[in-house]
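J.:
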Amino acid sequence: MQVSSIAKNIGIGSFTADYNFTFWDTGLIKIPNIGVLILDMDSTLIDSMNTQSYLIDVISVKQKNPRLKPEDGTILPIKAPVPVKKKVASDLIYQLIALILLALFLIYLWTKRINEKKHERELESIKASSYEIALKKLKKLKKIDLTLESNKKIFYVDLSFILREYIEKSFFIRTLEMTTNEIKENRFLLPFDERSLDDFLKILQISDMVKYAKYDSEEFKNNLDDAIKFVQNTSKYLDN
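Take 84 as the starting number for the sequence shown in this note's numbering and just add one per residue.
1. Kindly indicate which residue of LEU242, SER318, ASP291 has the alpha-carbon position closest to the one of PRO274.
2. Just curious, the beta strand (DSSP E) that VAL119 is in, first and last residue?
3. Helix, strand or coil for PHE104 per DSSP?
4. Please identify the residue among GLU301, TYR249, LYS312, ASP125 whose C-alpha is closest to the C-alpha of ALA217.
5. Expressed to the nearest angstrom, what Euclidean distance is found between the alpha-carbon atoms of ASP101 and THR134?
6. Looking at the structure shown, is SER131 part of a helix, part of a strand, or coil, going by DSSP?
7. Going by beta carbon distance, what residues of the same chain come within less than 8 Å of LEU242, once the five residues before and after it are set aside?
8. Note down the Cα distance separating GLY110 from ILE117, rounded to an integer number of angstroms.
9. Would DSSP call ILE139 helix, strand or coil?
10. Would you list, in sequence order, the uninterrupted alpha helix (DSSP H) runs of no fewer than 4 residues that lie entirely inside the region 222 to 286?
11. Does the beta-carbon of PHE271 have 16 or more other beta-carbons within 10 angstroms, so that it is buried, or is it exposed?
12. What residues match up with ASP113 in a beta bridge as DSSP calls it?
13. Look at the alpha carbon of ILE142 and the alpha carbon of ILE183, and state the distance between them as a whole number of angstroms.
14. Identify, in the order they occur along the chain, each residue of the same chain with its Cβ nearer than 8 Å to the Cβ of PRO115, setting aside the five sequence neighbours on each side.
15. Under a CB-based cut-off of 9 Å, is PHE106 close to chain D?
16. Please report how far the alpha carbon of LYS201 lies from the alpha carbon of TYR191, in whole angstroms.
17. How is the alpha helix (DSSP H) around LEU321 delimited, first residue to last?
18. By Cβ distance below 6 Å, which residues in the same chain neighbour ILE227 in space, the five residues on each side in sequence not counted?
19. According to the neighbour-count rule (16 or more other Cβ atoms, all chains shown, within 10 Å of its Cβ), is ASP282 buried or exposed?
20. Evaluate ASP105 with the Cβ neighbour count: other Cβ atoms within 10 Å of its Cβ, from every protein chain shown; 16 or more gives buried, anything less gives exposed.
21. Taking the alpha-carbon positions, what's the MET132 to ILE121 distance?
22. Alpha carbon to alpha carbon, how far is LEU175 from ASP140? Give it in angstroms, no decimals.
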């Protein structure tokens, strides 16, 4: 049982003291005597008295209102405390969002840098391999039997293709799709010196005229040597 008092002055010569009783259990409860002190304005004791003791039968809410019955017929349980939701400070939320965005940005930069380096290595590998492949293919042309007339045309077709393929894969210029005249008109796209450009165009023109011109074995050898020198001399531009 819990007792709390509320004092009220209701007029001159009259004073009322109200008490609130809170019970935590049911059954017969005895309210004890309560001592009352009557004081003067200067807190001098005038008189005192004791209240009468009372017996009170405390009943449950179920008994007071039969409709409020639990399923097992027992007294209704005390309601649990209402949970208090913790409020997360808005500043903390903003900080977390900022940290997440920063982390994502750093991951993006790191991934981009790795991809760029990987792409550079791939380009270097392509350039290096295209140079080696071109030299290897050109050296294979030395094995062609040029005493056969049909092989002469094959020789120059392969020679022209190897040089065009080398330039396209090394410098990313679509020379395989261009005619000799188109390459000549767009020679400024090729990052070579004038002498190397002239040697390259000369080999292409000779290859185009193989149907109509006759060349001896020495001429074939010279053109092949010029093609090999062209690839070797222009390999220095692969680093640019």
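All C-beta atoms in this analysis are idealised placements derived from N, C-alpha and C, irrespective of residue type, glycine included.
T.: Answer, in terms of the structure:
1. Of LEU242, SER318, ASP291, the residue nearest in Cα terms is SER318.
2. From DSSP, the beta strand (DSSP E) with VAL119 extends over 118 to 122.
3. Correct three-state label for PHE104: strand.
4. Here the closest residue by C-alpha is TYR249.
5. 12 Å
6. strand
7. LEU221, LEU224, ILE286, SER290, ASN306, LEU307, ALA310
8. 21 Å
9. strand
10. 232 to 254, 263 to 268
11. exposed
12. It is Lys, not Asp, that sits at residue 113 in the sequence shown. Beta-bridge partners of LYS113 (DSSP): LEU138.
13. A straight line joining the alpha-carbon of ILE142 with that of ILE183 spans about 59 Å.
14. Closer than 8 Å at the Cβ level, and outside the excluded window around PRO115, lie SER136.
15. Of the chains in the structure shown, none is chain D; there is only one protein chain.
16. 15 Å
17. Run containing LEU321: none; DSSP gives neither H nor E here.
18. ASN234, PHE238
19. That one is buried.
20. The residue asked about is misnamed: residue 105 is Thr in this sequence, not Asp. By the neighbour-count rule (16 or more Cβ atoms within 10 Å), THR105 is not buried but exposed.
21. 8 Å
22. Looking at the two C-alpha atoms, the distance is approximately 55 Å.
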